[in-house]
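Scroll down for the structure; my scribbles are underneath it.
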Amino acid sequence: MKLYEKMVSGMYLGEIVRRVLLQMCETSDLFGQFVPGGNLSKPFVLKTEHLNKMQEDTTDDLQTVGLVLYNILEVEANLQERRRVVEVCDTVVKRGGRLAGAGIVAIVEKIEEETKRMDSGKRTVVAMDGSLYENYPQYQQYMEEALVELLGYNRSYIAIEHAKDVSGLGAALLAATNSIYST
Numbered sequence: 001m002k003l004y005e006k007m008v009s010g011m012y013l014g015e016i017v018r019r020v021l022l023q024m025c026e027t028s029d030l031f032g033q034f035v036p037g038g039n040l041s042k043p044f045v046l047k048t049e050h051l052n053k054m055q056e057d058t059t060d061d062l063q064t065v066g067l068v069l070y071n072i073l074e075v076e077a078n079l080q081e082r083r084r085v086v087e088v089c090d091t092v093v094k095r096g097g098r099l100a101g102a103g104i105v106a107i108v109e110k111i112e113e114e115t116k117r118m119d120s121g122k123r124t125v126v127a128m129d130g131s132l133y134e135n136y137p138q139y140q141q142y143m144e145e146a147l148v149e150l151l152g153y154n155r156s157y158i159a160i161e162h163a164k165d166v167s168g169l170g171a172a173l174l175a176a177t178n179s180i181y182s183t
């Protein structure tokens with residue numbers, strides 16, 4: 001489960017991109033004559049919020065991408081390199097969003113086996129917590145694409161709702177359910 005969390009969690013997406021960029025520097029000409037060291041070699045220096053900023057950059061010269069690379073990773077990048085970085089960000093975020101969507105589908109299908117909610121026209125609500133879902137539109141989009149692709153028509157029976165403190169709510173529901181069945 002820990003590996004799955006690392007592939008979909010906002011805590012790790014920036015680190016995955018940083019590692020990919022570091023690998024690209026070591027095996028190709030990304031960022032020119034890259035010398036190991038500096039912030040690109042420091043774990044967890046690149047945050048998911050930085051990926052979001054870079055993906056949202058619509059300037060012709062990808063100025064925001066250049067600023068993030070320079071200010072956070074301490075590397076200078078030409079326009080071609082900036083485009084490659086945006087592609088890496090998009091690939092990692094797309095994988096994370098689609099894997100999160102696939103995880104939701106797996107859980108919903110397991111519930112459906114026992115409850116037949118969709119067959120009876122009932123909707124299932126999935127509560128999402130966290131800034132990744134709330135603030136990263138590309139992640140939401142890729143997760144939604146996976147849900148539609150995997151569920152097809154049945155996607156209309158699943159409602160994704162943003163909720164604060166879902167983990168606390170989940171613990172409360174589990175405790176309430178446990179007390180009902182243990183008496």
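Heads up, the sequence shown is in UniProt numbering, so the first residue is 1 and it goes up one at a time. Heads up, the beta-carbon is just placed ideally off N, CA and C, and yes, glycines get one too.
Cβ pair residue i, residue j closer than 8 Å
i      : j     : result
Tyr136 : Thr48 : yes
Arg82  : Gly66 : yes
Leu73  : Leu30 : no
Ala146 : Gly97 : yes
Gln55  : Val93 : yes
Ser41  : Leu22 : yes
Val8   : Leu79 : no
Range covered by the beta strand (DSSP E) that runs through residue i
i      : result
Val126 : Thr124 to Met128
Glu161 : Ile158 to His162
Through-space distance from residue j to residue i, alpha-carbon basis
i      : j      : result
Ile16  : Val88  : 10 Å
Tyr12  : Asp119 : 37 Å
Ala77  : Val148 : 37 Å
Thr59  : Glu109 : 42 Å
Ala102 : Thr115 : 20 Å
Tyr153 : Ile107 : 17 Å
Candidates the options: closest to residue i by CA position
i      : options                           : result
Ser156 : Ser131, Lys122, Ile72 and Gly130  : Lys122
Thr91  : Ser28, Gln138 and Leu151          : Gln138
Leu151 : Lys110, Tyr133, Val105 and Glu112 : Val105
Cys25  : Val75, Ile158 and Glu145          : Val75
Ile160 : Ala127, Leu147, Val148 and Ala100 : Ala127
Leu51  : Lys164, Glu112, Tyr4 and Val85    : Val85
Gly14  : Thr124, Lys53 and Lys2            : Lys53
The alpha helix (DSSP H) enclosing residue i, as first and last residue numbers
i      : result
Glu87  : Leu79 to Thr115
Leu73  : Gln63 to Leu73
Gly10  : Gly10 to Thr27
Ser120 : Here Ser120 belongs to no alpha helix (DSSP H), and DSSP marks it neither H nor E.
Pro137 : Pro137 to Leu151
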